[in-house]
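Chains as they are written, first to last, in numbering that gives the first Met the number 0: chain S, 0 to 490; chain Y, 0 to 496; chain U, 0 to 234; chain A, 0 to 83; chain C, 0 to 116.
Yeah, the Cβ is synthetic: ideal placement off N, Cα and C, and Gly gets one too.
Because the structure is a prediction, the values reported are computed rather than measured.
Single-structure report; data block below.
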Amino acid sequence: METVDVRVLLAPAISFACSGLVFLMGRNVFWRRFWSLGAATLKLVVVMSMLPGALRGTTYVWRFIEFTPGISIAFRADALGMFFATVSSTLWLVTTVFAIGYMEPEHAKVRFFGFFALCVSTTVGVAFAENLLTLFVFYETLTICTYPLVIHEETPEALRAGRKYLAYTLSGGACILLGSALTYQVAGTLTLSKPGILPASADPRTLAILFTTLVAGFGVKAAIIPLHGWLPSAMVAPTPVSALLHAVAVVKVGAFGILRVVYNVFGVELLRRLGFTVPLAYLAAFTIIAASVAALFQDNLKRRLAYSTVSQLSYIVLGAALLTPAAACAAVAHIANQAFAKITMFFVAGSIQRTTGKTQIHELAGIGHEMPLTMAAFTVASLSFVGVPLFAGFITKWYLSLGALESGMWWFAIVMLASSLLNAAYWLPIVYLAFFKGPHGRGTGSGEARLLLLVPTLLCAAWVLVLGTTSDVPGMPFALARAAVEFVFKM
Amino acid sequence: MWWQWAHWLPLAVLVPLGFGVTTPAVAGGDGGRAWRWAVLGSALAAATTLALVVRVAREGPFSYAFGGWNPPYGIEFRFDEVGAFAFVVASLGMLAIVFSGRYAEHALDPARIPYFYTLLLLDIAGLIGFSVTGDLFNMYVFMEIISLSSYALVAVSGERTAEMAAFKYLVLGAVSSLLVLFGIGMVYGTTGTLNLADAARRLGGVGSAVPVAVAIALMAAGFMVKSALFPLHVWLPDAHAIAPSPVSAVLSGLVVKVGLLGTFRLYQVVYRTGIVDLAALDQLFLWLGAISIVMGAFFAIFQDDIKMMLAYSTISNIGYIVMGFGLASKFALIGAAVHIFNHAIIKSALFLAAGAIIHQTGYRRLSELRGAGRGMPLTAAALSVGAVSIVGIPPTAGFLCKWYIALGAFEAGRAAFGFALVFGALFIFVYYIRMVNAFYFQEPVHADVVHAGDPPLSMLVPVWVLAGLCLAMGLAGKIPLTFITPAISRLLAPIGG
Amino acid sequence: MKKALIIALLAVAAIPLLAAMASMPRFGSPEQPAYTHVASRYLQKGAEEAGADNVVTGVILNYRGFDTNGEVTVIFTACAATAAVLVTSGSRKKEKPGEATVPLSPVVGYVVRLLAPFIALFAFYVVLFGEVSPGGGFQGGTIFAALIIILSVVAGRNVAERVLPARVRPWLQIAGPLSFIAVGTLGAVLTGSYLGFPHARGLLATAMLMGIELGIGIGGATVFASIFWRLGDEP
Amino acid sequence: MTIEASRLFDVGLMTLLVLCALAVVRTKDLLAAAIIFSAYSLVMCLVWDHRGAPDVAMTEAAVGAGVTTVLFLLAIGKTVRREK
Amino acid sequence: MIGALWSNFDYAVSVVLFLIGLYCVIAKNNLIKKFMGLNIMETSVFAFIVAIGVVDRGSAPIMGPGARGPFVNPIPQALILTGIVVAVSTTALALSLIVRVWHQCGTIEADELRELE
């Protein structure tokens, strides 16, 4: 059931307006915080208010403006989009709180919060995009809006990272543009409201080119190896930026795009017949393992997080590529599972950096005694990544393995297992280091992080547990993921 | 209705022409009075052309026969959708003239100021005439008005480099005009008419295709020099970079389009006659367009001078449009035609904003302009909007062209050129990002840049009107696209259809 | 080497051009399209319709009058362009004008002064009789400009400038475009289209044609003289 | 004059034109080149008059051979007489 | 083709003059000389267009008592009148620029100017 509802437009518009207000009035600390927090809350309320309807199966649509003849900038909140939008608007609120605490000693805060809001606006725009062109519009805008955040430090290193980031993502954008144009040529439409728009009669070679360009385009932001190069370097950005954008918004937009391509552009049936997703699945599996191995050798905490992100994102890609309902559930759900766990970790890294000034893993010995709550949150996230039952990550791994068996490619279940082991190998030592290795000499005596940093961290950690335990409770996000999957598999 | 009054069409040319020729006499050496007179003239011209655009949107193309002689016996003005470029010319010209008020006071010899406005207005009059005329030789006359005034405008600052650039521009411009005139002569010799529509009819029955083909080649070559397609671009960077900024805006945004519009008119004449196979020309346009995109971007990367960079980017953008012509599919032609309009807006915004920055700070190199984003936030923001737009980031005006030409490339089955176009645009981004970095993210070299402050309103308003248009024309892309479509459909309609 | 290369390139370019020339309609043929299409009407009815025995003048001023409107604009553009390039507020009137720029024998000066009125008369003749004989506004104007140029060489700038006083010169320079706009507008009022001439061969039509011719003549003469002086002012 | 004679006259004029043009290109002395250019214009004048275009011929005489040459002379006077 | 060229001799001469002019523009270094070349090109194109108007045994298209046809085509003549004016305008501006360049750089040789840049 489709309902025309302005709230779909409102959700991105609120953060857009917020960014404008921040640019105008942001020199004043109060107004900057007021608008950032107010808009984040308002937006969460708006998105949440659509949630019951979305769970009932209502799809909200709003046609904003006819962009070119026949193609509008239009918004449509289907189950998949709602899922992504809910995740990102929840995290925006949390991250804003964290950022207010974290950014206090930094420069150029107006610019930071302004572009921060703009990024969230575009992320929700991607989530609600009704057609491929709208999606592309917001995808590119997101690229541009994140640039000032990535190079926030304005050091030569940051500028270099920024250039690298732009080079990668804009090339990706170019691929998507070409892919969209070709899609329009082949299908005559760009809508994402159907489970597949490409005609089965099209020339398989054209379809192959199409699949490659689109997946490569989105794969840049989804950081599939070998397109991942920008992500570790972009970690020079301030931690809230890394947290929201590089673990949640930017990279998830890429993964979300791949889901859209697989489910809404090609459609499951067509892809099953064509078999394009098999190489993609192998590539994803390779990324999962290789990035985990790379993470093992990182001593900088944020870089280890970055490689972990690369690895985790490919869960989503793998889930999409397996083309079974269970795997699809895993892929969609992992958007949330990974987001909350990863943002917890980033918050922890940021808290530690702000409180103690430490950024390297070997410096963390005994930090658990200083900051027990923070490190507890870290532990929760680590266990989630390892895939311990009752933690969010388990849901993904379970369904993904199921999907692998369902599709008859059982070896991907082994990949899951190997990934769990590797995750354990690079996260648990940190936990061990923090809690069980006493500080050599005296502790820093820094104590727990301040509340503005601590509360968001704990909230996210708690949510990881909630996600991990409520997968069968109706009305929780996982139900939404199921709804999305049912739509694309026409169940 | 008010817009149906027949005389709007000649008035569109005569108003800027009349105001232009009278400017020195009216001003009597007073620059301020010349400015007010010119602003009035260009505003009236914009209003007049607006009436034409309204009429063509409601009723389709219409004509005006001078002296009451029906074509082919007299000169005909024919206003079609592509002719709506006249409106862009008049409005951008008005903004450039408004902008010039304070700029000229500062940058030009006071004795030259009235002549400066005269030439700007005549340039506008010529451009409007060129876009609406339906007669080959009349087209040449207007082309010469445009060329002469443009040459002089480049040199008006009196700097040594400016005069040398103007001379280089003049020689190449004069040669290209002659090529066009030669072609016009051959078309006249074979068809016996100078009227475009009549020539299109009669070309089908000419005895030998050879003169027609050579005429097309000559005219296309001449127009491509005027449009600075690589490798015929040598005159452009100097001329556009050294001219005063409002002139650069007019030259880069409007005057280079003369060649493209001319090519379009040529297409309108020969496309449907079938006497000459245009495949070779299309092929040439495709390749030269692609090379232009890449080479323009390539040279721009090495420029430190901000206006030089913008000038090279014009070459790239001309490449887009020519490539669109070369693809010759419906989407590509629509994209190319719309980009003629959009590039005018974007490039004017960029040049005017750059001009405002140079005017306020006195520096023109990126390395010296570091921190300009802090010193003059509004101007630098407008420049950034323009930069984002010209690179074709959606949803700005520059994106439409990229999207449509990409669609057209697939439509024509030339996917490789779609790739060239889109990745060429990335190349362009490389140098615009340098500009943005310098303005916002790098340590200032000169302290006065940071304290420069935004320019006076008469400069800031035109800049922001244009920057706003860069965004609006992208978001409301449907309007120009649907507006231009009938012209392209008529061009591509099957013979006899 | 470079020259040889250029010559070779031009020789290559010559081939298609010559081929095109060879397949043009035969030179001088009365059957060629250029002669049979539009021109035949001009030749048959031109003298009647356009109001001038000299069909070329008829074409210039009437059938294709708007081209000439553009042409006079081009002349003025050249004037404004040279002004924009050459004029400076500092160097104006720096050197004292008035003396002949070149030392001349008195005989030459005397002859020029003697001939001047006749040349002026001839110029006017060419302007006014362009309708029935070769010539017209522009040719006459050029002859008049030549007279002024000779005068300023022989008798000095101040003598020559007296013919075209500096005070009204900006208006004289635009006499061409202005007369066109005036007559064209009058035509629009009378016949409904710009540059339309009422009833061929009428007195009014003749007066309008004359007005344009005079405008072109005065404008052209002033512009050429101004350009000459400006170029001469350069050190 | 018969057509053949007239034709011969044409060919002669044309040859003269080409020779004049070549001379303009080859002459190093700019002043001389300007004068030859003036002669070229006058020959062109003759051609056009012979072709039944007295209006054009007259204009070319006044403008091409007259004003243009004067302007060339003036410019040469202001700058340099010899081409390097 | 040679025969056709011979009958279209006027046109062929125009092409030759055009190319001579073009050579002068490209190959000559002196700016004034370049412009003489350009003027040659201009007149050659004018000659071509005037030649289009010629008719065998035609006389000037001036009507009136005693005039006898055939008359030559008046249109090319009208066009070329405009063309000549355009040409002289361009020349005037070009020479002004040349004088200014000489004034500022002390040379009007293209290669020397290029070195000055």
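Contact list for residue 46 of chain A against chain U, beta-carbon separation under 8 Å: The residue given as residue 46 of chain A occupies position 47 in the fourth sequence. Close to residue 46 of chain A, with beta-carbon spacing below 8 Å, lies no residue of chain U; the smallest spacing is near 13 Å.
Chain S contact for residue 306 of chain Y (CB, 8 Å cutoff): Residue numbering aside, residue 306 of chain Y sits at position 307 when the second sequence is read from its first letter. No, its Cβ sits nowhere closer than 8 Å to a Cβ of chain S.
Of the residues Y/140, Y/5, Y/39, Y/7, the one placed nearest residue 21 of chain Y, counting alpha carbons only: Position 22 of the second sequence, counting from 1, holds the residue named residue 21 of chain Y. When each option's Cα is compared against that of residue 21 of chain Y, the closest is Y/39.
Start-to-end residues for the alpha helix (DSSP H) that takes in residue 362 of chain Y: Position 363 of the second sequence holds residue 362 of chain Y. Run containing residue 362 of chain Y: none; DSSP gives neither H nor E here.
Three or more C-beta pairs below 8 Å linking the stretch 144-160 of chain S and the stretch 181-189 of chain S: At 8 Å Cβ cutoff, the stretches do not touch.
Assigned exposure category for residue 194 of chain Y - 16 Cβ within 10 Å defines buried: The sequence position of residue 194 of chain Y within the second sequence is 195, counting from 1. That one is buried.
Residues that residue 200 of chain S bridges to, as DSSP identifies them: Residue 200 of chain S sits at position 201 when you count from the first residue of the first sequence. In DSSP, residue 200 of chain S forms no bridge with anything.
Beta-carbon contacts of residue 179 of chain Y that lie in its chain and below 6 Å, excluding the five residues immediately before and after: For the purposes of this step, residue 179 of chain Y is taken as residue 180 along the second sequence, with counting starting at 1. Cβ within range, chain order: 218, 221.
Spatial neighbours of residue 95 of chain Y in its chain, beta-carbon cut-off 6 Å, leaving aside the 5 residues before and after: On the second sequence, residue 95 of chain Y is found 96 positions in, with the first residue counted as 1. Correct list, in chain order: 245, 248, 249.
Burial state of residue 84 of chain Y (16 or more Cβ within 10 Å): The residue you call residue 84 of chain Y lines up with position 85 of the second sequence. That one is buried.
Chain A residues whose Cβ lies nearer than 9 Å to that of residue 70 of chain U: Residue numbering aside, residue 70 of chain U sits at position 71 when the third sequence is read from its first letter. Within chain A, no C-beta atom comes nearer than 9 Å to that of residue 70 of chain U; the closest sits roughly 11 Å away.
Amino acids of chain U, ordered along the chain, whose beta-carbon sits closer than 9 Å to that of residue 2 of chain Y: Sequence index remark: in the second sequence, residue 2 of chain Y carries index 3 (1-based). Neighbourhood of residue 2 of chain Y in chain U, by CB distance below 9 Å: empty, with the nearest CB roughly 18 Å away.
Option in S/419, S/331, S/428 with minimal Cα separation from residue 377 of chain S: Numbered from its first residue, the first sequence carries residue 377 of chain S at position 378. Across the set S/419, S/331, S/428, the C-alpha of S/428 shows the shortest separation from the C-alpha of residue 377 of chain S.
Buried or exposed (CB count within 10 angstroms, at least 16 for buried), residue 185 of chain Y: Start at 1 with the first residue of the second sequence, and residue 185 of chain Y comes out as number 186. Result: buried.
DSSP-derived helix/strand/coil call for residue 436 of chain Y: Within the second sequence, residue 436 of chain Y is the residue found at index 437, counting from 1. Note: residue 436 of chain Y maps to helix in three-state DSSP.
Interface positions of the stretch 58-76 of chain A facing chain U (Cβ-Cβ less than 8 Å), listed along the chain: For the stretch 58-76 of chain A, the beta-carbon criterion of a distance under 8 Å to any beta-carbon of chain U is satisfied by 58, 61, 62, 65, 66, 69, 70, 73, 74.
Identified DSSP bridge partners for residue 425 of chain S: Start at 1 with the first residue of the first sequence, and residue 425 of chain S comes out as number 426. Partner(s): none; residue 425 of chain S has no beta bridge.
is_contact[residue 84 of chain U, chain Y] using C-beta, thresh 8 Å: Looking up residue 84 of chain U in the third sequence gives position 85. Residue 84 of chain U belongs to the set of residues whose beta carbon lies under 8 Å from a beta carbon in chain Y.
Under the three-state DSSP convention, the category residue 440 of chain S falls into: As a position in the first sequence, residue 440 of chain S is number 441, starting the count at 1. Its pLDDT being 49, under 50, residue 440 of chain S is placed unreliably by the model, and the measurement read from it follows with that caveat. If DSSP states are grouped into helix, strand and coil, residue 440 of chain S belongs with coil.
CB of residue 260 of chain S within 8 Å of CB of residue 217 of chain S, strictly: Taking the first residue of the first sequence as 1, we reach residue 260 of chain S at position 261. Taking the first residue of the first sequence as 1, we reach residue 217 of chain S at position 218. Less than 8 Å divides the Cβ of residue 260 of chain S from the Cβ of residue 217 of chain S.
Cβ-based neighbour list, residue 496 of chain Y, same chain, cut-off 8 Å, excluding 5 preceding and 5 following: Locating residue 496 of chain Y in the second sequence gives position 497, counting from the first residue. Only weak support is given to the placement of residue 496 of chain Y: the predicted model assigns it a pLDDT of 40, under 50, and the value that follows is read from those uncertain coordinates. Contacts found: none.
Amino acids of chain Y, ordered along the chain, whose beta-carbon sits closer than 9 Å to that of residue 158 of chain S: Indexing the first sequence from 1 puts residue 158 of chain S at position 159. Near residue 158 of chain S (Cβ distances below 9 Å), the residues of chain Y are 436, 440, 441.
Residue 112 of chain C vs residue 104 of chain C beta-carbon contact at 8 Å: Within the fifth sequence, residue 112 of chain C is the residue found at index 113, counting from 1. Within the fifth sequence, residue 104 of chain C is the residue found at index 105, counting from 1. Yes, the Cβ-Cβ distance between residue 112 of chain C and residue 104 of chain C is below 8 Å.
Short CB-CB distance (under 8 Å) between residue 387 of chain Y and chain S: Position 388 of the second sequence, counted from the start, is the residue given in the question as residue 387 of chain Y. At least one chain S Cβ lies under 8 Å of residue 387 of chain Y.
Endpoints, the beta strand (DSSP E) within which residue 140 of chain S is located: If you number the first sequence from 1, residue 140 of chain S lands on position 141. Careful: residue 140 of chain S lies outside any beta strand (DSSP E), inside the alpha helix (DSSP H) at 131-149.
Limits of the unbroken beta strand (DSSP E) element including residue 61 of chain S: Looking up residue 61 of chain S in the first sequence gives position 62. Bounds of the beta strand (DSSP E) holding residue 61 of chain S are 58-67.
Against chain Y: residues of the stretch 200-215 of chain U by CB proximity under 7 Å: Those would be none; no residue qualifies.
Contact set between residue 76 of chain C and chain A, taken where Cβ atoms lie within less than 8 Å: In the fifth sequence, residue 76 of chain C corresponds to position 77, counting from 1. In chain order, 52, 54, 55 make up the part of chain A whose C-beta sits under 8 Å from the C-beta of residue 76 of chain C.
Pair within 8 Å by beta-carbon distance, residue 389 of chain S and residue 468 of chain S: By 1-based counting over the first sequence, the position of residue 389 of chain S is 390. By 1-based counting over the first sequence, the position of residue 468 of chain S is 469. A contact, by the Cβ cut-off of 8 Å.
Beta-carbon spacing of residue 207 of chain S, residue 129 of chain S below 8 Å: Position 208 of the first sequence, counted from the first residue, corresponds to residue 207 of chain S. Position 130 of the first sequence, counted from the first residue, corresponds to residue 129 of chain S. For the 8 Å CB-CB criterion, residue 207 of chain S and residue 129 of chain S do not form a contact.
Any C-beta of chain Y under 8 Å from that of residue 186 of chain S: Against the first sequence, residue 186 of chain S aligns to sequence position 187. Not flagged as an interface residue toward chain Y: residue 186 of chain S, since no C-beta distance is shorter than 8 Å.
Nearest-angstrom Cβ-Cβ length linking residue 149 of chain S and residue 236 of chain S, presumed shorter than 8 Å: Residue mapping note: residue 149 of chain S aligns to position 150 of the first sequence, counting from 1. Residue mapping note: residue 236 of chain S aligns to position 237 of the first sequence, counting from 1. Confirmed, about 5 Å.
The beta strand (DSSP E) enclosing residue 62 of chain Y, as first and last residue numbers: Residue numbering aside, residue 62 of chain Y sits at position 63 when the second sequence is read from its first letter. Here the beta strand (DSSP E) through residue 62 of chain Y covers 61-64.
Residue 404 of chain Y and residue 319 of chain Y closer than 8 Å at C-beta: For the purposes of this step, residue 404 of chain Y is identified with residue 405 of the second sequence, where counting begins at 1. For the purposes of this step, residue 319 of chain Y is identified with residue 320 of the second sequence, where counting begins at 1. Yes, the Cβ-Cβ distance between residue 404 of chain Y and residue 319 of chain Y is below 8 Å.
Neighbour flag for residue 111 of chain Y against chain U, beta carbons, 8 Å: Position 112 of the second sequence, counting from 1, holds the residue named residue 111 of chain Y. Under the 8 Å criterion on CB atoms, residue 111 of chain Y is classed as interfacial with respect to chain U.
Inter-residue spacing [alpha-carbon to alpha-carbon] between residue 210 of chain S and residue 35 of chain S: Residue mapping note: residue 210 of chain S aligns to position 211 of the first sequence, counting from 1. Residue mapping note: residue 35 of chain S aligns to position 36 of the first sequence, counting from 1. Whole-angstrom Cα-Cα distance: 39 Å.
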